[in-house]
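**Student:** First, the structure itself, so that you have it in front of you.
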C-alpha cells in the first residue's frame, strides 16, 4: 500500500486561535465546505463510530469547541485537524511525495541530513508527532507535524547555502519540491503543516 505527504502553507497566527475558540459559525463553515468528504469518512470508519469513535463532524466540533477528550480515537481527531488545516491553508504541490512508501521517506530523511538541512529544518518535524492543538495521538495514521514560520525562514536560508545530495532522482525531486514549499511559505510569513497517510 502506498501513502502520500500532504503539506499546507498556513498563517499560524490565524490557525492556532481556532482550536478551543468555541466559534460555532466557523464549525458550520468547515463542516459545510467538507460535508461530502466528512460523510465519506464516516462511511469508511462506520465500525469504529459504532464502537464509540466520534463522527468526523463531531471531531471537527470538538477541536473547535475545546471538548476533545484526553484519551481515545486519536485518528479521528487527527483527520479532523487535517480538515481544519486545509480550510485555512494553501495546498502545496505534493507530486514528488505521492504514492510512496515509508522506505522512501527514510531515504529522503537520510539525504536531507547528508545535504546539511536537518539542523535548521528537520524533515521529520513535518510529519511526526506535532500538532498546533491538543488531541489524543493516533495509534497509526494520519501522522502529522509542522514546520513553524521561524523554521521555514531558517530552512529557506539554509537551502541557499547547500548543494542537494541525493542518491536517486526521486529523492532529489522530493527535496527540490520541499525547497519550493519553503521558499513560497517563507515569502508570505507562513508555516507549513504536514500529514502522512
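Residue numbers (this note's numbering): 1026 to 1222.
Just so it is clear, CB atoms sit at the ideal spot from N, CA and C, and this is done for glycine as well.
From a predicted model like this one, the values you see are computed outputs, not experimental measurements.
(1) Which residues in the same chain have their Cβ closer than 6 Å to the Cβ of residue 1044, if we skip the five residues on either side of it in sequence?
(2) Looking only at DSSP bridge pairs, what is residue 1169 linked to?
(3) Starting from residue 1223, trace the beta strand (DSSP E) in both directions and tell me its first and last residue.
(4) Could you tell me whether the Cβ atoms of residue 1151 and residue 1033 are closer together than 8 Å?
(5) Report the rounded CA-to-CA distance for residue 1063 versus residue 1187, giving the unit in angstroms.
(6) Short of 8 Å in beta carbon distance, which residues of its chain neighbour residue 1173, apart from the five on each side in sequence? Order them along the chain.
(7) Pull up the CB-CB distance for residue 1085 and residue 1052, whole angstroms please, since I reckon it's below 8 Å.
(8) DSSP has residue 1125 in a bridge; who is on the other side?
(9) Does any residue of chain D have a CB that is nearer than 8 Å to the CB of residue 1038?
(10) To the nearest angstrom, how far is the alpha carbon of residue 1133 from that of residue 1154?
(11) Within 10 angstroms of its Cβ, does residue 1119 collect 16 or more other Cβ (buried), or is it exposed?
(12) If I measure Cβ to Cβ from residue 1074 and keep anything under 7 Å in the same chain, skipping five residues before and after, which residues do I get?
(13) So residue 1073 is in the alpha helix (DSSP H); what residue range does that whole segment cover?
(14) Tell me which residues share the same chain as residue 1184 and place their Cβ nearer than 6 Å to its Cβ, disregarding the 5 neighbours each side in the sequence.
(15) Go through its chain and collect everything with a Cβ distance to residue 1029's Cβ below 7 Å, but skip five positions before and after it.
(16) Which partner residues of residue 1033 appear in the DSSP bridge assignment?
(17) Which whole-angstrom value is the C-beta distance of residue 1059 and residue 1101, which I expect to be below 8 Å?
(18) Under a Cβ-count criterion, where at least 16 other Cβ atoms within 10 Å of its own Cβ denotes burial, should residue 1049 be classed as buried or exposed?
**Tutor:** Looking at the atomic coordinates:
(1) Same-chain partners within the cutoff: 1088, 1158.
(2) Note: residue 1169 sits in a beta bridge opposite 1220.
(3) Outside the displayed span of the chain (1026 to 1222) sits residue 1223, for which this structure offers no information.
(4) Contact flag unset, no.
(5) A straight line joining the alpha-carbon of residue 1063 with that of residue 1187 spans about 42 Å.
(6) Around residue 1173: 1037, 1216.
(7) That pair is a contact at about 6 Å.
(8) Looking at the DSSP output, residue 1125 bridges to 1028.
(9) Of the chains in the structure shown, none is chain D; there is only one protein chain.
(10) About 18 Å.
(11) In this structure residue 1119 is buried. Its beta-carbon is surrounded by 16 or more other beta-carbon atoms within 10 angstroms.
(12) So the list reads 1067, 1080, once near-sequence residues are dropped.
(13) For residue 1073, the uninterrupted alpha helix (DSSP H) run begins and ends at 1071–1075, by DSSP.
(14) Excluding residues within five positions, the ones whose Cβ falls inside 6 Å are 1204.
(15) Close CB contacts of residue 1029 within its chain, under the 7 Å cut and outside five residues either way in sequence, are with 1119, 1122, 1123, 1124, 1125 (chain order).
(16) For residue 1033, which the question treats as bridged, DSSP gives the partners 1116, 1218.
(17) Their Cβ separation, rounded to whole angstroms, is 14 Å, which puts residue 1059 and residue 1101 out of contact at 8 Å.
(18) Here residue 1049 is exposed: its Cβ has fewer than 16 other Cβ atoms, across all protein chains shown, within 10 Å.
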